[in-house]
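According to my numbering, the sequence shown is numbered sequentially starting from 23. Each residue gets a CB set at the ideal place from its N, CA and C atoms; glycine is no exception. No experiment lies behind these values; they were computed from the predicted model shown. To start, the structure itself, in structure tokens.
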Amino acid sequence: MERNEIHIIYGDNPEQMVKKVLETLHIENEIGKDMVIGIKPNLINTRPAEQGGTTSPDLVAGIIDYLQREMFKNIIIIEGSWAGADTQKAFANCGYLELSEKYDVPLYDLKADTYREIEVKDLKLKVCEKPLNVDYLINVPVLKAHCQTRLTCALKNLKGCIPDSEKRRYHTLGLHKPIAYLNYALRPDLIIVDAIQGDLSFEEGGCPVQMNRILVGKDPVLIDSYGASLIGYGKDEIDYIGIAESIEIGSSDLDSALITEYETDLKNNTSFQHTSRAALLAEKIEAREACSACYGSLIHALQRLKDKGKFYQIDRIYIGQGFRGEEIEGTGIGSCTAGVEKNLPGCPPAAKDIYDFLLGL
Ligand code: SF4
């Protein structure tokens, strides 16, 4: 796989989805059989993945099962929850203890790990030894919003690989620069993003929004630029993306990216689960058989408009396959509503495109 590739698979069964992509990409060909493979999920706290803040254990199960079937034996899971949360409890509550037992894969709490000091440009960063020492690092973040940095995805997920004291210090450094520089010290070989149901506004979860997809790639800058657009942000709104690009960690050039989609018929899942915050935003929406991937993008876009104070000026929005062929006055989102007077095409359109379109009306 080249660094300018992003692979996207739709569905609601993360274990099967990730296996399908790994099989297609033949990821086993780039890993030596004796290599130690480190899987770094996001277990920021003890809330299960259904709440939108932590990586699905089913997704990680799919990665492990695939690798073990390809005869890889040295697989470990590494994570350090955020400062104040207990990683061991997160392993237990989020389904990783069962995972570890089922596949005989050890769990390492990076809060208990030793660290090395690494100099990156003008910053000295403390980085845990375990992620530095693995031969092949798989970064498995959740795509979700963040109350300070707006986005958390591939670049920011590595913050779980530093000691707690260092996590606190990052805040004194303004977060963005050390997050970007950390990705210079630690360079994952593969990124597999859990974009099944990341949170609408906060990294800790509580307001999951179904997006029903997994993204796979190698360039964290490209992946984060694309991920930002999926939850309603431009890459320029996330400072650490630009900083990471400036020190040549990757490219944010989405126009040159090679995007491949799989199982596009599975994005037609129309059962969207509303949380209370999403329900509030949904008051603007008239949905008929809307795919959750499409509906989720619209919810993210409406939240971004709300953040900007523009939500209440938006009129009724039509979305969903049930509007195909109908000519209606008003605003329609997605190719299915091409007959609606003001329409944004796309199947599904990204939240950032929806945001820009609604803002421009
Ligand atoms: S445009 Fe229609 S078919 Fe495409 S994702 Fe949206 S609702 Fe589904």
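To the nearest angstrom, how far is it from the Cα of P63 to the Cα of D261?
-> In a straight line, the C-alpha of P63 is about 23 Å away from that of D261.
Should Q343 be counted as a contact of ligand 1 given a C-beta to heavy atom distance under 7 Å?
-> Relative to ligand 1, the nearest heavy atom lies less than 7 Å away from the CB of Q343.
If you draw a straight line from the alpha carbon of K124 to that of I271, how long is it in whole angstroms?
-> One Cα belongs to K124, the other to I271, and the distance between them is close to 36 Å.
Please indicate yes or no: does the CB of G256 lie closer than 7 Å to some heavy atom of ligand 1?
-> Checking the Cβ of G256 against ligand 1 gives no.
Under 8 Å between C-beta atoms of Q325 and L222 | In this structure, L222 lies closer than 8 Å to Q325 by Cβ.
Would you check whether ligand 1 has a heavy atom nearer than 7 Å to the C-beta of N365?
-> Taking 7 Å as the cut-off, one finds no heavy atom of ligand 1 near enough to the beta carbon of N365.
Pair within 8 Å by beta-carbon distance, L65 and Y32 | In this structure, Y32 does not lie closer than 8 Å to L65 by Cβ.
Out of D186, D337, I201, point me to the one whose CA is closest to K178's CA.
-> Considering only alpha carbons, the answer is I201.
In chain order, what residues of the same chain have a beta carbon less than 8 Å from the beta carbon of G256, not counting five sequence neighbours either side?
-> Answer for G256: A250, K374, listed in chain order.
Starting from K148, follow the beta strand (DSSP E) in both directions and report where the run begins and ends.
-> Looking at the DSSP string, the run of the beta strand (DSSP E) that includes K148 is 145-150.
Given a threshold of 16 other Cβ atoms within 10 Å of its Cβ, counted over all protein chains shown, does Y377 qualify as buried or as exposed?
-> Its Cβ being crowded by 16 or more others within 10 Å, Y377 is buried.
N- and C-terminal bounds of the alpha helix (DSSP H) containing Y255 = Here Y255 belongs to no alpha helix (DSSP H), and DSSP marks it neither H nor E.
Does the beta carbon of G354 fall short of 7 Å from some heavy atom of ligand 1?
-> G354 Cβ: outside cutoff for every heavy atom of ligand 1.
Top-ranked residue by Cα proximity to N155, from N115, G196, P210, F94 = Ranking N115, G196, P210, F94 by Cα distance to N155 puts P210 first.
Residues near H29 by beta carbon distance below 6 Å, same chain, minus five either side = Contacts found: V43, V238, T282.
Assuming K189 contacts K181 (C-beta within less than 8 Å), just tell me the rounded distance between them.
-> Sure, about 6 Å apart at Cβ, within 8 Å.
Rank G60, V162, T194, S122 by C-alpha distance to the C-alpha of N96 and give the top, closest one.
-> The option with the nearest alpha carbon to N96 is G60.
For H322, count neighbouring Cβ atoms within 10 angstroms of its own Cβ and tell me buried if that reaches 16, exposed if not.
-> A buried status is given to H322, since no fewer than 16 other beta-carbon atoms sit within 10 Å of its beta-carbon.
For Y334, which option in L380, L276, Q295, S357 has the closest C-alpha, if you only look at C-alpha atoms?
-> With distances taken between Cα atoms, Y334 lies closest to L380.
Can you name, in chain order, every residue of its own chain whose Cβ lies under 8 Å from the Cβ of S273, other than the five neighbours on each side?
-> R25, N26, D241, V243, L244, E267, listed in sequence order.
Check whether P36 and I236 have beta carbons under 8 Å apart | Against a cut-off of 8 Å, the Cβ pair of I236 and P36 comes out as a contact.
Contacts around L145, its chain only, beta-carbon distance under 6 Å, and the 5 residues preceding and following it disregarded | Y203.
Measuring CB to CB, does K111 end up less than 8 Å from T68?
-> Yes, these two residues count as a Cβ contact at 8 Å.
Neighbour-count burial assignment, A150, 16 or more Cβ in a 10 Å radius = Before going on, a small fix: residue 150 reads as Cys here, not Ala. So C150 ends up on the buried side.
For A12, three-class secondary structure by DSSP | Because the chain is modelled from 23 through 383, residue 12 falls outside the range shown and cannot be assessed.
Report the rounded CA-to-CA distance for S319 versus G254, giving the unit in angstroms.
-> Taking C-alpha positions only, S319 is separated from G254 by approximately 8 Å.
Hey, how far is the Cα of A304 from the Cα of Y137?
-> Using only the alpha carbons, I get a separation of about 46 Å.
Sub-8 Å separation of I341 and A312 beta-carbons = Yes, the pair counts as a contact, with Cβ atoms nearer than the cut-off.
Hey, quick one: how far does the alpha helix (DSSP H) through T171 stretch, first residue to last?
-> Note, T171: premise wrong, no alpha helix (DSSP H); not H, not E.
Go through its chain and collect everything with a Cβ distance to C358's Cβ below 7 Å, but skip five positions before and after it.
-> Spatial neighbours of C358 in its own chain (CB-CB distance under 7 Å, excluding positions within 5 residues in sequence) are listed in chain order as G342, Q343, F345, R346.
Closest Cα partner of N290 within the set K306, L302, R310, S278 | Nearest C-alpha to N290: R310.
P370 beta carbon near ligand 1 (any heavy atom closer than 7 Å) | True, at least one ligand heavy atom lies under 7 Å from that Cβ.
Got a sec: does ligand 1 put a non-hydrogen atom nearer than 7 Å to the Cβ of C183?
-> C183 Cβ: outside cutoff for every heavy atom of ligand 1.
Mind checking which residues open and close the alpha helix (DSSP H) that includes V231?
-> For V231, there is no enclosing alpha helix (DSSP H), as DSSP marks it with neither H nor E.
Unbroken stretches of the alpha helix (DSSP H), 4 residues or longer, contained in the segment 84-118 | The qualifying runs are 109-115.
Going by DSSP, name the residue or residues bridged to I140.
-> L147, per the DSSP bridge assignment.
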